[in-house]
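Line order of the protein sequences matches chains A and B. For what it's worth, my numbering labels the leading residue of the first sequence as 1, then goes sequentially. For what it's worth, my numbering labels the leading residue of the second sequence as 1001, then goes sequentially. All C-beta atoms, glycine included, are put in the ideal place defined by N, C-alpha and C.
Number of protein chains: 2
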Amino acid sequence: MEKVAIGQAGGPTAVINASLVGFLDQLTDQDEAYVIFNGFQGLVDDQIYPMTDPLSQQINSYHDVPGCCLGAGRYPIDNSNIEKVVEHLRQRDIHSLVFIGGNGTMSTLLDIQRSAQHMHYDLQVIGIPKTVDNDLYLTDHAPGFASAARYIALSTRDISKDLEAMKNFEQVRILETMGRNVGWLAASSGLFKEHDTDGPHLIYLPENHLNHESFLQEIQHTVQSLGFATVVVSEGVQLEDHEKVMLESVNGRNILGGVSQHLSYLVKKELGYVTRSEILGMNQRSAQLYVSAQDRLEAYQVGAKAFEYIQQGESEIMVAIQRQSGDTYLFELSHVALREVALKERTLFPEFIEDRQAFYKWLKPLIGADVEPYPPMLHREVKLI
Amino acid sequence: MEKVAIGQAGGPTAVINASLVGFLDQLTDQDEAYVIFNGFQGLVDDQIYPMTDPLSQQINSYHDVPGCCLGAGRYPIDNSNIEKVVEHLRQRDIHSLVFIGGNGTMSTLLDIQRSAQHMHYDLQVIGIPKTVDNDLYLTDHAPGFASAARYIALSTRDISKDLEAMKNFEQVRILETMGRNVGWLAASSGLFKEHDTDGPHLIYLPENHLNHESFLQEIQHTVQSLGFATVVVSEGVQLEDHEKVMLESVNGRNILGGVSQHLSYLVKKELGYVTRSEILGMNQRSAQLYVSAQDRLEAYQVGAKAFEYIQQGESEIMVAIQRQSGDTYLFELSHVALREVALKERTLFPEFIEDRQAFYKWLKPLIGADVEPYPPMLHREVKLI
């Protein structure tokens, strides 16, 4: 018999609710579960509710819905409120705490466990991985990433087809992806590229510095050879001259900017091409139609596995996905120490930066093989009649 | 035996290639077809190619691909180049010209016909409707619109679910849709709204003036009652004080702006909510996964119908969709005079602005009934244990 509480934290993904359902599905009549509303804020404010049959049914209905059905958000747990958290758990005699989140969440879980220890309260803490950026250490990848990558790869291909048709009017589009410090998502944009004409034509990652001069040369070369250029930049791409581009102020008004807007301005000014920048936006982490079936399945399974670890008495761990070697995609679930992943950021592997095809081979099974390649550009008969 | 040329013009949609395939599928071995690359530019530059079996197969493979596989774009036909167009057609003895496009395209077709008449060249011109904005007169709706509306309706619902989870961190999102002068797309954002908590909570159309004070009150009211607000504005919404918000300049640098960014700034400044603006972007007209099956089918059929009208000797007409009365969605294809639709813009009907449910009832069959409603927000047990 387990007495557990589970919550969701940080930014949502399109499959995080599947992890919650996966966990709750393992409960038996012997177990007593609580859900925490509004993430760590709910833990501080005592928004901890006992599971009931109606609540359980409602949560089940969220299996395929994006966002966090319990509420999540960003809320700081620190010395000022961490004891309250332990008190709220103690009050209900809850000795197992589970959160679905990213590297910040894993760090907070560890802090709560240490505080509980200090307060002589026995507390088991387990993390379920979730991130769109794919920056969690020691797991092959984390649920949420593949669906975001799928959105980006399909959108880039489609938006490039649109630009191709418009190239006598508009030559360059710069698409900005999520990934504040890591380039997994931006690199994914090329997954469905089949022909040289398909977008993206150029990708810029935060792992590399972007040199303005080379950037402009690469754009110019692409437009000269194809007539247009679809460019993908990660929101966190580092500009070599460290120019600040994130936020501008006009007459005391903050203008939201981004690296894509800055680069778009540069292309227009220096090369004279009609250029548009576009931030791919919140659909990256919430578009239901773009969810990868494999991603949702894995989200469910890491949730289910967390309950198994609760029963085995594990603590201070995060569930991890271990890919098996071999050509067929197979994985096992295991666990890693929270202290090894807390607050750490895993950048795109250098071997994947070097060899994009190796990266696509790694990525493809996570996104699904259900995508048909686009046909080549029309071949025109040269002979005029 | 018909000798026809067909091209695509203006901005692409996700289903415009289906119209092209629909037209070409009607050709028999007796007919002689030409395709025009790059829209009206190709007509001026003589990029007119005879149809061959390989080319026909290639075009068929684009049936489900967004963008215009022939190339389209925006290019002005005027007195300086219109005679060239007629000469290029005369050179090949082509007496039927078909273009897939919007109200600008319909106007250009009419200009070309008049020029041909003036040059004593017999020319039949027929337009196939295409628009994402749905601003074409005298057709119940135009292919391309329903897929864009589907993208907007589903994205708004998903992005709102994401915001709902984040509401302790971020309270307001302002989503900007296409529709420079008409509100069909922005109004569509609410199609899948099932519960008060589902987004969008507020919609602003170009057909109405936006009063800043009421706008702020409505946002405040929504955030006070739900904790967050998902707001949809059309890019063409008219601000009552006529403040210019489309483009700003910072130290000689153009900053792309938009009405959503302006309103987001206003909400932050006046109400203090954490607010984000997002332009829904080019996916509105190019996302393959969001295509409405009904829309694609109709795109094909209006293309096919255009060939029938060619055979019947019709000219200076646009194919139109006429909805049949009754509860079941049925339509017939007919034609309307080009002069009645050229350059005109059809705004959202007043009865649909007044009665949003009537609009949704009109819209639903175009978008497909394959979308499951999202479940209600979780109901929390009030009794704490």
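Tell me whether the beta-carbon of residue i lies closer than 8 Å to the beta-carbon of residue j.
i	j	result
Gln-1294(B)	Gly-1368(B)	yes
Gln-1284(B)	Asp-1064(B)	no
Ile-126(A)	Ala-306(A)	yes
Ala-304(A)	Val-15(A)	no
Phe-1228(B)	Gln-1301(B)	no
Arg-92(A)	Ile-36(A)	no
Ser-277(A)	Ser-260(A)	yes
Pro-143(A)	Asp-1162(B)	no
His-195(A)	Pro-376(A)	yes
Val-1004(B)	Val-1098(B)	yes
Ser-160(A)	Thr-230(A)	yes
Ala-187(A)	Thr-105(A)	no
Leu-1043(B)	Gly-1007(B)	yes
Glu-1351(B)	Tyr-1137(B)	no
Val-1267(B)	Ile-1317(B)	no
Ala-18(A)	Arg-323(A)	no
Leu-185(A)	Ile-353(A)	no
Ile-128(A)	Ile-100(A)	yes
Gly-1073(B)	Asn-1038(B)	yes
Leu-1378(B)	Leu-110(A)	no
For the alpha helix (DSSP H) containing residue i, name the first residue and the last one.
i	result
Leu-1263(B)	1259-1271
Tyr-360(A)	356-367
Ser-315(A)	Per DSSP, Ser-315(A) belongs to no alpha helix (DSSP H) and is neither H nor E.
Gly-42(A)	39-44
His-1088(B)	1082-1092
Asp-1053(B)	1053-1060
Please classify residue i as buried or exposed, where buried requires at least 16 neighbouring CB atoms within 10 angstroms.
i	result
Leu-1366(B)	buried
Ser-1292(B)	buried
Glu-372(A)	exposed
Ala-1033(B)	buried
Thr-396(A)	Here chain A comprises residues numbered 1 to 385, so residue 396(A) is not present and cannot be evaluated.
Gln-1124(B)	buried
Ala-1337(B)	exposed
Glu-1083(B)	exposed
Lys-1269(B)	exposed
Lys-1167(B)	buried
Lys-361(A)	exposed
Leu-1256(B)	The pLDDT assigned to Leu-1256(B) is 45, lower than 50, so where the model puts this residue is not dependable; a value taken from the coordinates is nonetheless given after this. It counts as buried.
Asp-355(A)	exposed
Gly-190(A)	buried
Gln-1357(B)	exposed
Leu-20(A)	buried
Leu-70(A)	buried
Gln-1117(B)	exposed
Ser-96(A)	buried
Glu-87(A)	exposed
Arg-1214(B)	Per the sequence shown, the amino acid found at residue 1214(B) is Ser instead of Arg. With fewer than 16 Cβ atoms within 10 Å of its Cβ, Ser-1214(B) is classed as exposed.
When every heavy atom of the ligand NAD is checked, does at least one fall within less than 7 Å of the C-beta of residue i?
i	result
Ala-1304(B)	For the structure depicted, the ligand NAD is absent and the ligand set is empty, with no information on it obtainable.
Need the endpoints of the beta strand (DSSP E) that residue i sits in, please.
i	result
Val-1233(B)	1229-1234
Pro-129(A)	124-129
Val-1223(B)	No beta strand (DSSP E) holds Val-1223(B); the alpha helix (DSSP H) holding it covers 1212-1226.
Asp-1331(B)	The amino acid occupying residue 1331(B) in the given sequence is Phe; Asp does not appear at that position. Run containing Phe-1331(B): 1331-1337, per the beta strand (DSSP E) assignment.
Ala-33(A)	32-36
Tyr-1204(B)	1202-1204
Tell me, please, which residues DSSP counts as bridged to residue i.
i	result
Arg-173(A)	Thr-230(A) and Arg-276(A)
His-999(B)	An answer regarding residue 999(B) cannot be provided, because it is not within the stretch 1001 to 1385 covered by chain B.
Trp-48(A)	According to the sequence shown, residue 48(A) is Ile rather than Trp. Paired residues: Ile-36(A).
Ile-321(A)	Leu-333(A)
Gly-1010(B)	Gly-1073(B)
Phe-1099(B)	Gly-1007(B) and Gly-1127(B)
### Query
What residues in the segment 150-178 of chain A bring their beta carbon closer than 7 Å to a beta carbon of chain E?
The question asks about chain E, but that chain is absent: this structure's protein chains are A and B.
### Task
Assess, as a yes-or-no matter, whether the segment 1306-1323 of chain B is touched by the segment 1344-1356 of chain B under the definition of 3 or more beta carbon pairs within less than 8 Å.
Here the segment 1344-1356 of chain B makes no contact with the segment 1306-1323 of chain B; the two share fewer than three CB pairs at distances below 8 Å.
### Query
Quick one: any contact between the segment 1167-1183 of chain B and the segment 1326-1333 of chain B, if contact means 3 or more CB pairs under 8 Å?
The segment 1167-1183 of chain B makes no contact with the segment 1326-1333 of chain B; the number of CB pairs closer than 8 Å stays below 3.
### Task
For the segment 1132-1152 of chain B and the segment 1212-1228 of chain B, state whether three or more C-beta atom pairs, one from each stretch, are separated by less than 8 Å.
As far as the Cβ criterion goes, the segment 1132-1152 of chain B does not touch the segment 1212-1228 of chain B, which means the pair count is below three.
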